[in-house]
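These notes are about the structure you will find just below.
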Amino acid sequence: MRNEPLYDEILRRNPGEPEFHQAVREVLETLDPILQARPELAEARVVERICEPERQIIFRVPWVDDAGRVQVNRGFRVEYNSALGPYKGGLRFHPSVNLGIVKFLGFEQIFKNALTGLGIGGGKGGSDFDPHGRSDAEVMRFCQSFMTELHRHLGEHTDVPAGDIGVGGREIGYLFGQYRRITNRWEAGVLTGKAPGWGGSLARPEATGYGAVLFAAEMLRVRGEDLDGQQVVVSGSGNVAIYAAEKALALGANVLTCSDSSGYVVDDKGIDVALLKQVKEVERGRVADYAERRGSSARFVADGSVWDVPADVALPCATQNELDEAAAAVLVRGGVKAVSEGANMPTTPEGVRVLTEAGVAFGPGKAANAGGVATSALEMRQNAARTVWTFAEVEEALTDIMRDIHTTCHETAERYGAPGDYVRGANIAGFERVADAMLAQGLI
47 MRNEPLYDEI LRRNPGEPEF HQAVREVLET LDPILQARPE LAEARVVERI
97 CEPERQIIFR VPWVDDAGRV QVNRGFRVEY NSALGPYKGG LRFHPSVNLG
147 IVKFLGFEQI FKNALTGLGI GGGKGGSDFD PHGRSDAEVM RFCQSFMTEL
197 HRHLGEHTDV PAGDIGVGGR EIGYLFGQYR RITNRWEAGV LTGKAPGWGG
247 SLARPEATGY GAVLFAAEML RVRGEDLDGQ QVVVSGSGNV AIYAAEKALA
297 LGANVLTCSD SSGYVVDDKG IDVALLKQVK EVERGRVADY AERRGSSARF
347 VADGSVWDVP ADVALPCATQ NELDEAAAAV LVRGGVKAVS EGANMPTTPE
397 GVRVLTEAGV AFGPGKAANA GGVATSALEM RQNAARTVWT FAEVEEALTD
447 IMRDIHTTCH ETAERYGAPG DYVRGANIAG FERVADAMLA QGLI
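Letter by letter, the sequence shown follows residues 47 to 490 in this note's numbering.
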């Protein structure tokens, strides 16, 4: 890797951030062909500049719980790259959140957003606050405190957050309300993932999961197949997993699994998406509750891995590094044909190697799960025009965007001598778009 000295310098300057190191290395390992073909990019040190965030914000978030006790969390926003447009990327509320996690997510977001072609830069944020088990009043107080600090860094032409793990419609509502209260502005485009009744876009909750399935369908299509009749395993049971299952079922697949931190469910009749939504989104229950209510066709497994279930297509939709080398080998032995990442970097580098060496079509998250941020950008477009699109209009636009992303990745990989390598195609295509903008705009 010609960028090994740069990677060593990144390790030195960013200690203790393994997820960030992993994300950077994956990109650096794929850029040699374009840097050889376009030496002006190396001369301008574009790679070095892209690897360094434009701005990193860390702040205190004090709030009061229902017992009257003062709690203190830490908030983050990494505004990574704005060469193509305002910073765009979600907020994650989870105990695992730290600066390295946010930087890894923000770095991935640069290339993901570039692939959409929608004029949005890359950023990410969040907090180590855990909304699980908290009352609505506690979540509201936390969100209000979080936004009281973050609002000064936001704006529809500056930085536009959305949701992520732990940040759904409830949290976006509280955050937007506090932003509006502080600024005295109805600036709908400053946050995406809003409810349709007050500036949100139809199909936004579905978009990430739908997009991952659409990307999988495109990968199968170039191999002369489709999703109809395929056996699919899905990890996770949150927003992305639920709607990935819904879209796969709509395209004729049989979705066998869902999971959470307690274990996974195998449903021989296929996941009942309506019941899963009721258990997870309404009742905030566990997948074990789904299995109990589903009946004899479903069984809950407390140990092992969801990847132990043989399938044609795998959709990792839970969290980073959930699909490792051993799990990938099990999937290959089970006959998997395609893996499309619904989560951000859910497959370890060793897992990716096992899958690609076995000839499995592998869609990396920065391409396969770009449907969410793409639809967020469509929400911004609707907000700017003060209009509302129908569900069908949004879904049609999303389908076109995902097909374009697949085509871009596929053709770029072929152009740079790596046919079928979607990782290389996504990284080079996203990098080239950002790099060209940075060169055109001078030393930024």
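Even glycine gets a Cβ: it sits at the ideal position worked out from N, Cα and C. Quick caveat, the model's predicted, so the values are computed rather than measured.
Annotation: L248 to E86 spans about 43 Å, alpha carbon to alpha carbon.
Looking from the CA of R330, the closest CA among Q190, Q428, G212 belongs to G212. Of the candidates F261, R399, G214, G214 places its Cα closest to the Cα of T238. In the DSSP assignment, A364 falls outside any beta strand (DSSP E), carrying neither H nor E. Between the stretch 425 to 444 and the stretch 168 to 184 there are fewer than three C-beta pairs closer than 8 Å, too few to call the two in contact.
With 16 or more other Cβ atoms from the protein chains shown falling within 10 Å of its own Cβ, H456 counts as buried.
Per the coordinates, the alpha-carbon of A83 lies some 15 Å from the alpha-carbon of G471. Looking from the CA of R227, the closest CA among H197, G255, V206, G146 belongs to H197. Annotation: V385 is outside any alpha helix (DSSP H); the continuous beta strand (DSSP E) that includes it extends over 384 to 386. According to the DSSP assignment, E75 belongs to no alpha helix (DSSP H), since it is labelled neither H nor E. The alpha-carbon separation between G246 and E217 amounts to approximately 14 Å.
By alpha-carbon distance to P251, the top candidate from A481, L444, L485 is L444. The shortest C-alpha to C-alpha distance from D205 to any of F188, V143, N127, D272 is the one to N127. In the DSSP annotation of this structure, the continuous segment of the alpha helix (DSSP H) that includes T402 starts and ends at 395 to 403. F437: member of the alpha helix (DSSP H) spanning 437 to 461, first to last residue. Annotated three-state conformation of E98 is coil, per DSSP.
Within 10 angstroms of the beta-carbon of S342 lie fewer than 16 other beta-carbons, which makes it exposed.
A348 sits in coil when the DSSP states are folded into three classes, being neither helix nor strand. E63 sits close to G146, with the two beta carbons spaced by under 8 Å.
Between A413 and L161 a beta carbon distance of about 6 Å is seen, short of the 8 Å cut, so the two are scored as contacting. N285 is classed as buried because its beta carbon has at least 16 other beta carbons within 10 Å across all chains shown.
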